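A.B. asks: When we follow our numbering, the leftmost residue of the sequence shown carries the number 28, and every step to the right adds one.
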Amino acid sequence: MAVGKTTAELARYQAGEELLDLCGPLGMPTHVDCVGKVVLVGGGFGVAPLFPVARAFKAAGNAVTVVMGARSKDLLIYEREMQGVADKVSITTDDGSRGVKGIVTAALKQEIESNGADLVMTVGPAIMMKFVSETTRPFGVKTMVSLNPIMLDGTGMCGGCRVSVAGVTKFACLDGPEFDGHEVDWDQLMNRQKTYKNEEKESFEAWKQRHEGMLGKERQPVCE
Ligand code: FES
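#1: Does DSSP put Gly-31 in a helix, a strand or coil?
#2: Considering only their Cβ atoms, is the gap separating Ala-144 from Phe-166 smaller than 9 Å?
#3: Please name the residue or residues paired with Ile-118 in a DSSP beta bridge.
#4: Where does the unbroken beta strand (DSSP E) through Lys-221 begin, and where does it stop?
#5: Can you name, in chain order, every residue of its own chain whose Cβ lies under 6 Å from the Cβ of Met-148, other than the five neighbours on each side?
#6: Alpha carbon to alpha carbon, what distance is there between Ala-113 and Thr-119?
#7: For the candidate residues Lys-64, Ala-97, Met-95, Gly-181, whose alpha-carbon lies nearest to that of Met-55?
#8: What residue range does the beta strand (DSSP E) around Leu-77 cover?
#9: What do you reckon, are the CB atoms on Val-131 and Gly-194 nearer than 9 Å?
#10: Leaving out five residues before and five after Arg-125 in sequence, what residues of the same chain have Cβ atoms less than 7 Å from its Cβ?
Laid out in structure tokens, this is it:
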């Protein structure tokens, strides 16, 4: 989904084309253990990184439930893959075009009330992860979140990705991206994510002008 300059550029790549460089893996790997019942909550694009996590928790002997949501059925991804790995998959869409009409937190609450959970992990927009954490807090279920602050170098040098967790400054790229969702300062994270909103918009507009008519069309070589 092209939502800005970089994703618009990436969206024009065809299968088989190459990116010059890719840096990774960075940060800390997901801690996978046999804890009993794991509920994975994915929102939109966040479902994709949860797929290998679901596979790993299942292989470690856990019962795995996946709660996945999107605005509409066209934006749901990895449904088939998750069905192939998880013991149970619950789907929600904002418009009710697939699964239950509503948001993932309602489905998560129902799941915990009915079947309990030993661990919840979530990946998706910050606002969704915040409310997933608030949903699990009264139940006392440990909740790991995958944070997505602005990142520049990804190696701990710029400090752009700093987040406050339990009152301590952490670098998401180095110490994370996964943290205890009950300890994250969500308001600070979401404020910092907006830091360059204007510049991002200007950059995308300028890019669209430079490549007028090319969005959604086959990619042509561009010399700048
Ligand atoms: S992205 Fe620069 S320190 Fe994390």
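Just so you know, even glycine gets a beta-carbon here, dropped at the ideal spot from N, CA and C. None of the values given here were measured: they were computed from a predicted structure.
C.D. replies: In this structure, then:
#1: coil
#2: yes
#3: Answer is Met-95.
#4: Lys-221 -> no beta strand (DSSP E), and no H or E assigned at all.
#5: Leu-67, Met-171
#6: 16 Å
#7: When Lys-64, Ala-97, Met-95, Gly-181 are compared, the shortest CA-CA separation from Met-55 is found for Gly-181.
#8: Taken as a continuous stretch (DSSP letters only), Leu-77 belongs to no beta strand (DSSP E), being part of the alpha helix (DSSP H) at 74-86.
#9: Going by C-beta atoms, Val-131 is not nearer than 9 Å to Gly-194.
#10: Lys-100, Leu-103, Ile-118
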